[in-house]
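Residue numbers (the numbering used here), protein chains in the order written: chain A, 4 to 329; chain B, 129 to 379.
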């Protein structure tokens with residue numbers, strides 16, 4: 004469980020004061036994965052640096068499993084940090100160490116006995132599927148393998164929280180899929196609380212239970228994945244499940260439909276055709292299962308003698324979010 | 129043949145050379161040792177105390193970097209050497225001989241090596257430092273386990289360069305009383321027009337430099353795992369050694 008309350012971070016930049024994080028509040032339950040999305044410059048990196056105490060927040064608090072992190076004394080920062088495992092975009096492994104030695108690094112820092120280190124490292128490497136690469140140097144590993152070593156290293160100090168900063172942004176699609184599957188698996192088996200910082204929407208769709216949108220240092224949308232995608236007012240839902248591009252003909256009225264849960268499985272369009280004696284033509288559409296629910300976003304042309312208002316009223320009544328496209 | 133006979137009868141070579149050769153090794157050895165002992169921590173300090181460094185101390189950094197290091201480095205070595213004679217006498221009890229010369233050699237080489245160390249450490253990516261900090265390293269652990277470990281190939285190269293420079297400086301130190309091959313070359317070659325001795329000395333100095341460079345390069349390569357090529361080279365070499373060992377057992 005990680006709770007961030009009213010986190011603020013301001014920097015002095017010459018005369019001006021820059022607010023990098025403005026009143027950020029979020030909470031991630033144990034065993035779940037929370038995504039933080041935002042454009043570059045939105046404050047994602049600052050948030051990471053505040054959570055790992057590489058930067059001290061100006062005000063606000065970070066609590067991990069009931070223990071306050073932000074108020075610890077400088078001398079206790081190191082112990083506090085060991086409760087957080089961090090996965091970096093570029094893995095940041097030591098080139099002078101083999102995979103096994105990299106994983107052993109956090110254990111060496113607290114003078115773990117050699118036998119214990121050996122046992123733990125073997126266990127972690129097998130957990131990320133790299134047992135046979137224990138003696139390989141990072142330069143001999145692929146990007147995905149390096150990231151696996153990075154994940155094993157992050158888990159070496161038995162942290163409660165795994166913080167992933169753009170974990171797949173430097174990887175190809177197939178490797179991205181592998182790493183995301185691994186993170187999901189580890190979250191369940193080790194009962195971790197995971198925070199994934201990313202600019203890639205498919206990462207959020209693939210593994211996150213909940214998501215926050217960070218913009219100019221503020222969280223402007225947040226919620227469970229299914230609520231966010233089903234929220235027609237927010238922009239995050241549309242970014243998570245955008246309509247494929249289409250060319251509009253504009254001779255007929257166009258509607259944009261958002262179908263959530265049950266309605267996404269119901270035969271709404273055939274029903275519409277029957278009731279209103281209408282020809283319905285799908286121009287663009289996407290149907291996906293996210294966070295255990297089905298979602299559909301459709302753009303349709305409707306050709307009917309009956310007024311459009313009656314049609315939209317019927318659809319809204321059936322639980323479909325309707326927007327008349329301009 | 130005649131030339132060789134002449135060389136072996138030349139007292140400059142048979143009597144003075146071995147002694148001066150050892151004096152040169154002594155100067156390079158002693159000053160190399162102290163340069164490493166003082167220059168490495170100084171270089172680490174220059175890097176970690178710089179603005180945005182592991183332990184930023186902007187004012188102290190400015191003083192050490194601009195005043196101490198830069199001023200020492202801008203004084204020509206010949207002048208530095210002469211001006212440090214009193215200090216050498218104070219520290220070693222003598223103003224001549226290889227041990228006394230090592231004082232000025234060390235003081236000349238320490239800031240040079242410290243700058244090279246600073247540059248090497250700067251090349252260790254900040255991401256690795258962050259990773260080490262987040263896993264709970266102390267500053268000292270970051271320095272020893274990350275900075276020095278990751279920069280080791282380039283630190284070895286820097287020390288090799290420093291040793292080669294010290295060989296050159298030691299020849300200069302010889303002329304003002306340090307002894308060594310530099311003085312021999314000066315006395316025989318320049319003042320007695322004994323070209324043969326001079327050529328022999330030059331060959332020996334070139335050989336010393338080549339050997340230092342060769343050993344330095346080998347060591348640097350050995351600890352370098354930064355690219356697949358070098359990491360792999362090491363492995364294939366040990367594979368080959370293993371294969372040879374197996375053969376021997378087989379025979």
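Note that CB positions come from ideal geometry on N, CA and C, so glycine has one too. Being a predicted model, the structure only gives us computed values, none of them experimental.
Note down, in chain order, each residue of its chain lying with its Cβ closer than 7 Å to the Cβ of residue 147 of chain A, except the 5 sequence neighbours on either side. 174, 178, 181, 182
Could you pull out every unbroken beta strand (DSSP E) segment of at least 3 residues lying fully inside the stretch 100–184 of chain A, listed in chain order? The stretch 100–184 of chain A contains these whole beta strand (DSSP E) runs: 164–168.
DSSP beta-bridge partners of residue 15 of chain A: A/20
Residue ranges of each alpha helix (DSSP H) within the stretch 192–273 of chain B, 4 or longer: Note on the stretch 192–273 of chain B: whole alpha helix (DSSP H) runs with a minimum of 4 residues are 198–202, 205–211, 213–220, 226–250, 254–262, in chain order.
Quick one: measure Cβ to Cβ for residue 196 of chain A and residue 138 of chain A, integer angstroms, because I've assumed they're closer than 8 Å. Rounded to the nearest angstrom, the Cβ distance from residue 196 of chain A to residue 138 of chain A is 33 Å, too far for a contact under 8 Å.
Would residue 87 of chain A count as contacting chain B if we go by Cβ distances under 8 Å? yes
Name, please, each residue of chain B whose Cβ falls closer than 8 Å to the Cβ of residue 77 of chain A. Proximity of chain B to residue 77 of chain A at the Cβ level (cut-off 8 Å) is not reached, the minimal Cβ distance being about 11 Å.
Excluding the five sequence neighbours on either side, which residues of its own chain have a C-beta within less than 8 Å of the C-beta of residue 323 of chain A, listed in chain order? 260, 261, 262, 266, 271
Residue 287 of chain B versus residue 139 of chain B - alpha carbon distance: 35 Å
Sufficient close CB pairs (3 or more, under 8 Å) joining the stretch 99–113 of chain A to the stretch 251–271 of chain B: yes
For chain A, is any of its Cβ atoms less than 8 Å away from the one on residue 234 of chain B? The beta carbon of residue 234 of chain B does not come within 8 Å of any beta carbon belonging to chain A, so the residue lies off that interface.
Three CB pairs or more closer than 8 Å across the stretch 310–319 of chain B and the stretch 327–334 of chain B: Yes: the two stretches touch, three or more of their Cβ pairs being nearer than 8 Å.
Coil, strand or helix - residue 162 of chain B by DSSP: In the structure shown, the three-state DSSP call for residue 162 of chain B is helix.
Own chain, CB closer than 8 Å to residue 172 of chain A, minus 5 neighbours either side, in chain order: 92, 201, 202, 203
Going along chain B, which residues have a C-beta under 9 Å from residue 136 of chain A? Using a Cβ-Cβ cut-off of 9 Å, residue 136 of chain A is close to nothing in chain B; its nearest Cβ partner there is about 12 Å away.
Under 8 Å, Cβ to Cβ, is there at least one residue of chain D near residue 274 of chain B? Absence of chain D from the displayed structure is noted, the protein chains being A and B.
Of the choices A/29, A/224, A/70, A/21, whose alpha-carbon is the least far from that of residue 237 of chain A? A/224
Cα-Cα separation between residue 323 of chain B and residue 345 of chain B, rounded to whole angstroms: 33 Å
Across which residues does DSSP place residue 306 of chain A in a beta bridge pair? A/282
So that I know if they touch, is there some Cβ in chain B lying closer than 8 Å to that of residue 21 of chain A? no
Quick one: residues in its chain with C-beta nearer than 7 Å to the C-beta of residue 149 of chain A, no 5 flanking neighbours on either side, listed in chain order? Excluding positions up to five away in sequence, the list reads 94, 96, 141.
Should residue 98 of chain A be flagged as near chain B, meaning a C-beta pair shorter than 8 Å? So yes, residue 98 of chain A belongs to the interface.
Using a Cβ-Cβ distance cut-off of 8 Å, determine whether residue 109 of chain A contacts chain B. When Cβ-Cβ separations below 8 Å define contact, residue 109 of chain A makes contact with chain B.
Three-state secondary structure (DSSP) of residue 85 of chain A: coil
From the DSSP output, in three-state form, read off residue 42 of chain A for me. coil
Which of helix, strand or coil DSSP assigns to residue 79 of chain A: helix
Spatial neighbours of residue 52 of chain A in its chain, beta-carbon cut-off 6 Å, leaving aside the 5 residues before and after: 58
Residue 171 of chain A: contacting residues in chain B (beta-carbon distance under 8 Å): Per Cβ cutoff of 8 Å: no residues; residue 171 of chain A is ~16 Å from chain B at best.
With DSSP collapsed to three states, give me the class of residue 364 of chain B. Residue confidence for residue 364 of chain B is low, a pLDDT of 49 falling below 50, so the modelled location carries little weight and cannot support an answer.
Rounding to the nearest angstrom, what Cα-Cα distance links residue 249 of chain B and residue 278 of chain B in this structure? Cα to Cα, the separation comes out at about 8 Å.
By the three-class DSSP mapping on this structure, what secondary structure does residue 321 of chain A have? coil
Could you give the DSSP three-state label for residue 98 of chain A: helix, strand or coil? Judged by DSSP in its simplified three-state form, residue 98 of chain A adopts coil rather than helix or strand.
Below 8 Å on C-beta distance, what does residue 62 of chain A contact in chain B? Neighbours of residue 62 of chain A on chain B: none; closest Cβ ~22 Å, over 8 Å.
For the alpha helix (DSSP H) holding residue 239 of chain A, just list the boundary residues, first then last. 239–243
Just reading off the beta strand (DSSP E) that residue 225 of chain A is part of, what are its end residues? Counting along the chain, the beta strand (DSSP E) containing residue 225 of chain A begins and ends at 221–227.
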